[in-house]
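Q: This is the structure I have questions about; it appears just below.
In the numbering used here, the protein residues as written are 4 to 107.
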């Protein structure tokens with residue numbers, strides 16, 4: 004998967020189209036990413052008394068994973084692009100297909 008935790012991405016489809024945010028978690032086996040403030044759902048959380056730890060109860064807003072094909076990586080210059088790998092001096096580096104600039 005070409006998108007990693009900490010990358011800034013732009014959502015290209017869905018209700019959150021056009022939003023730019025940071026990737027909180029990458030799920031490469033499922034081909035999904037969790038993006039901060041995107042694809043938020045409300046879930047009911049029951050009160051629990053495990054280890055006397057206070058957890059949030061009632062309606063809880065969670066960020067759910069979205070498919071990695073629905074986001075584009077934002078380059079350091081601020082443009083959304085697809086990503087590919089290039090071998091530079093024996094080291095694989097990510098680069099922008101469209102603008103030909105190194106991302107890492």
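In this text, a Cβ means the ideal position worked out from N, Cα and C, and glycines have one as well.
Being a predicted model, the structure only gives us computed values, none of them experimental.
(1) Would you mind working out which of 76, 93, 92 and 22 sits nearest residue 86, comparing C-alpha positions?
(2) Which term fits residue 60, buried or exposed, when burial requires 16 or more other beta carbons within 10 angstroms of its beta carbon?
(3) Nearest by alpha-carbon distance to residue 83: which of 8, 14 and 9 is it?
(4) What residues match up with residue 23 in a beta bridge as DSSP calls it?
(5) Roughly how many angstroms separate the alpha carbons of residue 40 and residue 22, rounded to a whole number?
(6) For residue 19 and residue 100, I'd like the C-alpha separation in whole angstroms.
(7) DSSP on residue 41, reduced to helix/strand/coil?
A: This is what the structure holds:
(1) 76
(2) exposed
(3) 14
(4) 13
(5) One Cα belongs to residue 40, the other to residue 22, and the distance between them is close to 9 Å.
(6) 24 Å
(7) Looking at residue 41 - three-state DSSP - the assignment turns out to be coil, as it is neither helix nor strand.
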